[in-house]
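In the numbering used here, the protein residues as written are 6 to 239. All C-beta atoms, glycine included, are put in the ideal place defined by N, C-alpha and C. A quick note: this is a predicted structure, and the numbers were derived from the prediction, not measured.
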Amino acid sequence: MLKIKDLHVHYGNIHAIKGINLDVNEGEIVTLIGANGAGKTTTLRAISKLQSPSAGEINFLDEDITKMSATNIVKRGLIQVPEGRRVFSPMSVMENLELGAYLRKDKAEIKKDLEHIFNIFPRLYERKTQLAGTLSGGEQQMLAIGRALMSKPKLLLLDEPSMGLAPLLVKEIFEIVKDINKNQGIAVLLVEQNANMALKIADRAYVIETGKVVMKGNAKDILENADVKEAYLG
């Protein structure tokens, strides 16, 4: 469903992404692992057009989206949950969720989807009138994922969903990601510093170093790889 060919991204004179090839199939969880500054977030930003590629091709659902606007990419069901959650702090939980559906017109389905989000995240229902900026870090991450789900994604890009969360909440977030994938059939491309947890829930994985893919394959095989264990798993 997503195919990336020879992707290059520059920040001025810095060559951040150097010819990455990557794909995500329907129903998969694929994870990108690597050190800070390796190019994982830049790859996601290029896919969702928050950063313009300097070369290469990005194909989603058999359509070239390389030069497409971010709005049109969202309309096609490719949705990103950004690093750092980026909830709208002065707005309520409910308003944040409703903003996730801003491109949709199907009011009855939006109402059903809201109920579904509250089933997945009961804490959001309890806090639906509360300002998003007053939520805990874990609750804000739930809200960011819920807001993305309100856009009816076919592919969800998750950037560091466990960042800054306590270990118990990290486990809960990863269980939610697995549930979204298995029970709702939403494919996931996951960027995550917690390589151990990411590789345990993923089907396939790519290891990125200094803007290049240096290893790819079955996530469980990469989890057992001695070099990966030494570099990323402690």
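- As the crow flies, the alpha-carbon of Leu161 is around 15 Å from that of Thr76.
- Here Ser74 is exposed, its C-beta having fewer than 16 other C-beta atoms within 10 Å.
- If you draw a straight line from the Cα of Ser167 to the Cα of Lys72, it is about 31 Å long.
- Taking the Cα of Leu102 as reference, the smallest distance to any Cα among Lys8, Arg132, Val14 is reached at Arg132.
- DSSP places Phe65 in the uninterrupted beta strand (DSSP E) bounded by 60–65.
- Partner residues in the beta bridge of Met220, as assigned by DSSP, are Val212.
- In this structure, Ile185 and Ile191 form a Cβ contact; the two beta carbons are roughly 5 Å apart against a cut-off of 8 Å.
- Excluding residues up to 5 positions away in sequence, Ala106, Leu154, Met155, Lys157 lie with their Cβ nearer than 8 Å to the Cβ of Asp118 in the same chain.
- Unbroken alpha helix (DSSP H) runs of no fewer than 4 residues, entirely contained in the segment 76–138, are found at 98–105, 112–125, 127–131, following chain order.
- Inclusion of Phe65 and Leu37 in the CB contact set at 8 Å is not warranted, their separation being larger than that value.
- Excluding its 5 nearest sequence neighbours in each direction, Asn199 has C-beta neighbours in its own chain below 6 Å: Ser167, listed in chain order.
- CA-CA distance, Ser59 to Tyr130, rounds to 43 Å.
- Under the criterion of beta carbons closer than 8 Å, Ile19 and Ile9 do not qualify as touching, at roughly 20 Å.
- Taking a C-beta distance under 8 Å as the contact criterion, Val92 and Ala51 do not qualify as a contact pair.
- Excluding the 5 residues flanking it on each side, Glu31 has same chain C-beta neighbours closer than 7 Å at Met6, Ala192, in chain order.
- Considering only Thr215, Lys45, Gln145, the residue with the shortest C-alpha distance to Leu174 is Gln145.
- C-alpha of Leu55 to C-alpha of Asp111: approximately 27 Å in a straight line.
- Note: Lys23 is bridge-paired with His13 in the DSSP secondary-structure output.
- Remark: C-beta atoms of Ile227 and Leu204 approach each other more closely than 8 Å.
- When the alpha-carbon of Glu100 is set against those of Ala113, Gly151, Ile125, Ile70, the nearest one is in Gly151.
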